[in-house]
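Chains as they are written, first to last, in this note's numbering: chain A, 1 to 320; chain B, 321 to 968.
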């Protein structure tokens, strides 16, 4: 049998790789409840799918070994078989059952990861605005009145409500070990609830292609004990300079920057596209926005001084 | 516009490509002149309305585009082989992955399938040609004009760089100011019109042109798959047409449909794109299922198991394909309710697909399986595609998708679906129907060598990407750091890509070798197990396909006529009515190419002139009286005698 060997090898190596590497792969090494829900959903689906693969492969190998043409069955004339109602019904109904099981798991886990994780509902979440611009991340802490670029410090065991939006192309905010990603867009704010249950430094990045500097759009998430976190906030307030509108415009216009820290946020002079500042304003009056290509100002036009009508309710984040 | 903006400059690789394009074009021109082939080319190919020749031209174009897209892929893999590689810069890499995606889906997979269906469908239903032969030629030349227009962006003006999905606002004038994405919208528009016309043409052909006696539920499975695919084309492509038109307005005429300001909605583009884009996936996969169904029956020497459920499952897939598009952006933040609905519809597709897999497996049961090259691709498809299928179910689960989305896991998944699904199928179909068109089979030894190289190295290339994705590697990154740990698996994938390329080289060498040395068999049924009508006529097929129209009494008509010794062809030979050749479709294609080119650069006066020329061409066709010609009985007899063997 020619084909069995390599395929079996492939299958076995797949299983070995899965079991061998799982402890190291970021997505399957969660450090918070959201990522944990997702990794257990993934592992559950992998097990079910492995069973499906096994059934198909066993049947496949059986058919290929048993019914191949040989010298011995030279004159054999295969029969005409129309099909079988029962067999066809079986391989329709069993997949339906599998899909139903997976659907239940999906609906539950999707609800779980969209909301504040179980056990953390009573705590007041820490709101952090994470906004992207070509090609960096701005993190604004409205409660603390501080802002960072390309890194974000968070306290452990406290729900964090990231509010995502963009000063430009669509990006996707992703910290694999804390939870799955969500888009940051210029005309609305998306909410992403994450909790870190372990202290440590986690890899975060934009995972939605957004142009030349996209590959470098990484940031560090540092999860600290609440005490360390408070100390860090106090330090920033004491030592860092204020973020002025001029400084912020300069930041927006610089393609790639390192880490920055400020003791005020850009939200004060350039609010996020939510509530009264959000959504789409149709046919509005700001003539400057037209024919204005090639500068970042476009997005600013969208945010401030808009003639807001009933479209304020377009803020999609409220639909959740 | 200055000349140095017109031509792409500053890249040694692109200069080399420019030189080779000029040299190759000159060589072709000189060769045609030297061998006095201009007249032959014009009479036999450029003006042809014969479905078989149009099919062959589609397939040649698809093979050329496979080469183009393959070079893009190799460059990408070369760049990613080691961390912090400096082979390509970000802009160049962005252009290459964009063109790789567009070329492979729209200018390789689609035309390859349309080529095969052009060759095979009229033969399978016992017809003399498609319903609208001239329109068919228009389809081809519009596709070809679009493909060429897209490809010259590489040396003139610059390629699109916003991904094959061209998401806004990244693809807007603000963030992509070069003409690259103009090429995207205009060339896809032109090619798309061609595809839409093909869809209309094949629906009519299959519904109206079947040989007497062939009921719908007796059609070969490949013909069924093309009927359903054509219906999907007719429903899905208008969405692309509208989306591309809006894109054109945004980029060229100051439209604000998808911009960040003035009420534009960036996600509207994503929705429109995928309302077309997801059915598009099934446009390239359903014909593949059809091809596999034919081959598996032929080489098991058995009829297809569960014919009715095979048809039903394709119909169900085609319906579901229109209600799953939002799974491409679960992460857009439309809440758990919407995501749950789309998760369930997406997973539901696994059910009819599973039915097909089991039906194929049970076609093998009690058969007598011979391992020819087309059968090897078909048999390799089942286990590899199933991996693609089950990972698709995993991706369908919204909560988990937040972790897979935009990562290498997704890239691995869709290559595991599209390569063993579509690519293996078109290669299998190519080997399988090749003797029908050319009268000889491709070499089996070389064919099998290519098969093993392609199958093994496909897995070496794409299996590592699943793990890279789970380890946090996003797609479309032109580089990654040493510390990320992505290096070793990327190196494995790049080595695999070289092996995969080698497999395709052997495949092409096989075509060359077989043209020179393969024995000319010229038998109707070279595989010896043909079941459907295309194997009943001569190989190569005469212009009129069948001298007498076959009488069909059931499924697998040719097989049963052989087994039961019942004649398929009865009655006396009568003059055959055939369409005349025409240069108009080709000229229309050339005009569309220039119209597109002028529009890309916003050269309005030439655009208007070219636009008027298109209208004149259409008007000229309207006033033309061409009722075709009749091939006299004497000529038919001469042709039949030349082909030898039994009169058909």
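Every residue, glycine too, gets a C-beta built ideally from N, C-alpha and C. Since we're looking at a predicted model, the values are computed, not measured.
So, residue i versus residue j, is the Cβ gap smaller than 8 Å?
i, j, result
"residue 35 of chain A", "residue 267 of chain A", "no"
"residue 513 of chain B", "residue 432 of chain B", "no"
"residue 755 of chain B", "residue 859 of chain B", "yes"
"residue 832 of chain B", "residue 615 of chain B", "no"
"residue 908 of chain B", "residue 461 of chain B", "yes"
"residue 821 of chain B", "residue 394 of chain B", "yes"
"residue 964 of chain B", "residue 840 of chain B", "no"
"residue 689 of chain B", "residue 69 of chain A", "yes"
"residue 787 of chain B", "residue 25 of chain A", "yes"
"residue 27 of chain A", "residue 792 of chain B", "yes"
"residue 161 of chain A", "residue 125 of chain A", "yes"
For the candidate residues the options, whose alpha-carbon lies nearest to that of residue i?
i, options, result
"residue 273 of chain B", "B:725, B:754, B:774", "This structure does not reach residue 273 of chain B, given that chain B is present from 321 up to 968, and the question cannot be answered."
"residue 100 of chain A", "A:48, A:176, A:223, A:162", "A:48"
"residue 687 of chain B", "A:53, A:54, A:40, A:65", "A:65"
"residue 163 of chain A", "A:256, A:141, A:210", "A:141"
"residue 128 of chain A", "A:194, A:31, A:136", "A:194"
"residue 678 of chain B", "A:273, A:58, A:32, A:39", "A:58"
"residue 256 of chain A", "A:133, A:112, A:83, A:93", "A:133"
"residue 612 of chain B", "B:646, B:705, B:568, B:957", "B:705"
"residue 384 of chain B", "B:660, B:352, B:468", "B:468"
"residue 388 of chain B", "B:401, B:425, B:361", "B:425"
"residue 208 of chain A", "A:125, A:98, A:118, A:174", "A:174"
"residue 138 of chain A", "A:52, A:46, A:204", "A:204"
"residue 601 of chain B", "B:329, B:443, B:737, B:571", "B:737"
"residue 707 of chain B", "A:52, A:143, A:103, A:82", "A:52"
"residue 201 of chain A", "A:216, A:183, A:220, A:226", "A:220"
"residue 456 of chain B", "B:779, B:590, B:376", "B:376"
Enumerate in chain order the residues of its own chain whose CB-to-CB distance from residue i is below 6 Å, with the five nearest sequence positions on each side excluded.
i, result
"residue 518 of chain B", "434, 459"
"residue 761 of chain B", "755, 846"
"residue 338 of chain B", "475"
"residue 414 of chain B", "481"
"residue 744 of chain B", "697, 701"
"residue 109 of chain A", "37, 41"
Using a Cβ cut-off of 8 Å (strictly closer), state whether residue i contacts chain A.
i, result
"residue 411 of chain B", "yes"
"residue 703 of chain B", "yes"
"residue 626 of chain B", "yes"
"residue 706 of chain B", "yes"
"residue 640 of chain B", "no"
"residue 670 of chain B", "yes"
"residue 725 of chain B", "yes"
"residue 920 of chain B", "no"
"residue 690 of chain B", "yes"
"residue 568 of chain B", "no"
"residue 677 of chain B", "yes"
Under a CB-based cut-off of 8 Å, is residue i close to chain B?
i, result
"residue 294 of chain A", "Summary for residue 294 of chain A: the model assigns pLDDT 39, below 50, so the residue's position carries little reliability, and this model does not support an answer."
"residue 290 of chain A", "In this predicted model, residue 290 of chain A has a pLDDT of only 37, less than 50, meaning its place in the structure is not dependable enough to derive any value."
"residue 227 of chain A", "no"
"residue 91 of chain A", "yes"
"residue 110 of chain A", "yes"
"residue 320 of chain A", "Confidence at residue 320 of chain A is low in this model, with a pLDDT of 36, below 50, so the placement of that residue should be treated as unreliable; the coordinate-derived value is given next. Closer than 8 Å: yes."
"residue 163 of chain A", "no"
"residue 342 of chain A", "Because chain A spans 1 through 320 in this model, residue 342 of chain A falls outside it and cannot be assessed."
"residue 69 of chain A", "yes"
Ignore the nearest five residues each way along the sequence and tell me which others in residue i's own chain have a CB closer than 7 Å to its CB.
i, result
"residue 440 of chain B", "542, 753, 854"
"residue 398 of chain B", "407, 814"
"residue 856 of chain B", "844, 870, 878, 888, 968"
"residue 327 of chain B", "475, 476"
"residue 781 of chain B", "813, 816, 817, 820"
"residue 716 of chain B", "647, 663, 666, 667"
"residue 367 of chain B", "901, 902, 903, 906"
Within its chain, find whatever has a CB closer than 8 Å to the CB of residue i; leave out the 5 residues flanking it on each side and keep chain order.
i, result
"residue 198 of chain A", "31, 32, 156, 223"
Open item on the list: As an exercise, report each continuous alpha helix (DSSP H) stretch of at least 4 residues that is fully enclosed by the region 731 to 769 of chain B, in chain order.
Closed with: 744 to 758
- [ ] Starting from the N-terminal side, write out each stretch of the beta strand (DSSP E) that is 3 residues or longer and does not extend beyond the region 73 to 117 of chain A.
- [x] none
Task: Secondary structure, beta strand (DSSP E): runs of 3+ residues fully inside the region 109 to 165 of chain A - done: 126 to 133, 136 to 141, 146 to 149, 151 to 155
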